Amino acid sequence: MKIEARLFLWGTPFFVLAGVVYGFMTEWQEPVGYLGMPLVGGLVAMIGAYLTLTARRIDARPEDDPNGNIEDAAGDQGVYAPWSWWPLAIAGSAAICFLGLAVGWWVLYIGFCVAVIALVGWVFEYSRGIHSH
1267 MKIEARLFLW
1277 GTPFFVLAGV
1287 VYGFMTEWQE
1297 PVGYLGMPLV
1307 GGLVAMIGAY
1317 LTLTARRIDA
1327 RPEDDPNGNI
1337 EDAAGDQGVY
1347 APWSWWPLAI
1357 AGSAAICFLG
1367 LAVGWWVLYI
1377 GFCVAVIALV
1387 GWVFEYSRGI
1397 HSH
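So this is what it looks like as structure tokens:
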């Protein structure tokens, strides 16, 4: 996890510096570049900070060990829903949202409503208790 955090944190000064250089090259006439690139640097910094904080809380992973073997990472890697239909519903709602950008805003609102329903269904798919189904 530490390698990923360093990768993102090292990208932050690059994007900030690239935005400043872009601003000088365009004489500060094109605001999207000199404003957007440092904002990307800020987003990269947030991801790097999250990964750094997560790396402090969890134990070292097998891929963080330079002397590790492939078989050290054997076993379960997480909980996956192989028969879940919710990702398909989310993809369909994303398609409706993109169609709404081309056709009209009212279609975008319909796609957003469908996306919220699909996302709630996907999040609570394995839920137990009051939200179980």
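One gets my numbering by counting positions in the sequence shown from 1 and adding 1266 to each. By construction, the Cβ of each residue, glycine as well, lies at the ideal position given by its N, Cα and C atoms. Since this is a predicted model, take the numbers as computed values, not measurements.
Is the Cβ-Cβ distance between V1373 and I1362 less than 8 Å? Counting from 1 along the sequence shown, the entry for residue 1373 is found at position 107. Counting from 1 along the sequence shown, the entry for residue 1362 is found at position 96. Cβ atoms of V1373 and I1362: closer than 8 Å.
From which residue to which residue does the alpha helix (DSSP H) around M1312 run? To locate residue 1312, count along the sequence shown from 1; it is residue 46. Looking at the DSSP string, the run of the alpha helix (DSSP H) that includes M1312 is P1297 to R1323.
Residues of its chain near W1276, where Cβ-Cβ distance is below 7 Å and the 5 sequence neighbours each way are ignored: Residue 1276 sits at position 10 when you count from the first residue of the sequence shown. For W1276, where only same-chain residues beyond five positions count, there are no Cβ hits under 7 Å.
Thinking C-alpha only, which one of E1270, G1366 and W1351 is nearest A1384? Here residue 1384 corresponds to residue number 118 of the sequence shown, with the count starting at 1. When only C-alpha atoms are compared, the closest one is W1351.
Where D1331 and Y1346 are concerned, what is the direct C-alpha to C-alpha distance, given to the nearest angstrom? Numbered from 1 along the sequence shown, position 65 holds the residue referred to as residue 1331. Numbered from 1 along the sequence shown, position 80 holds the residue referred to as residue 1346. About 26 Å.
So, for R1327: in the same chain, excluding its five sequence neighbours on each side, which residues have a beta-carbon less than 7 Å away from its beta-carbon? Mapped onto the sequence shown, residue 1327 falls at position 61. Same-chain partners within the cutoff: M1267.
Can you give me the start and stop residues for the alpha helix (DSSP H) that M1291 sits inside? The count along the sequence shown starts at 1 and reaches residue 1291 at position 25. Looking at the DSSP string, the run of the alpha helix (DSSP H) that includes M1291 is K1268 to M1291.
Applying the criterion that 16 or more other CB atoms from any shown protein chain within 10 Å of the CB defines a buried residue, is M1303 buried or exposed? Counting from one through the sequence shown, the residue named residue 1303 turns up at place 37. Buried, because 16 or more other Cβ atoms sit within 10 Å of the Cβ of M1303.
Proximal residues to F1274 (C-beta, below 8 Å), its chain only, five neighbours per side dropped: For the purposes of this step, residue 1274 is taken as residue 8 along the sequence shown, with counting starting at 1. These residues qualify, in order along the chain: V1310, A1311, I1313, G1314 and L1317.
Express the C-alpha separation of R1272 and M1291 in angstroms, rounding to a whole number. Mapped onto the sequence shown, residue 1291 falls at position 25. Mapped onto the sequence shown, residue 1272 falls at position 6. Distance between the alpha carbons of M1291 and R1272: 29 Å.
Three-way DSSP call (helix, strand, coil) for F1364 in this model: Numbered from 1 along the sequence shown, position 98 holds the residue referred to as residue 1364. In this structure, F1364 counts as helix in the three-state DSSP scheme.
Reduced DSSP secondary structure (H/G/I, E/B, other) of E1337: Here residue 1337 refers to the residue found at position 71 of the sequence shown. The answer is helix: DSSP assigns E1337 an H, G or I state.
Alpha carbon to alpha carbon, how far is W1294 from W1371? Your numbering for residue 1294 matches position 28 in the sequence shown. Your numbering for residue 1371 matches position 105 in the sequence shown. Their Cα atoms are separated by approximately 33 Å.
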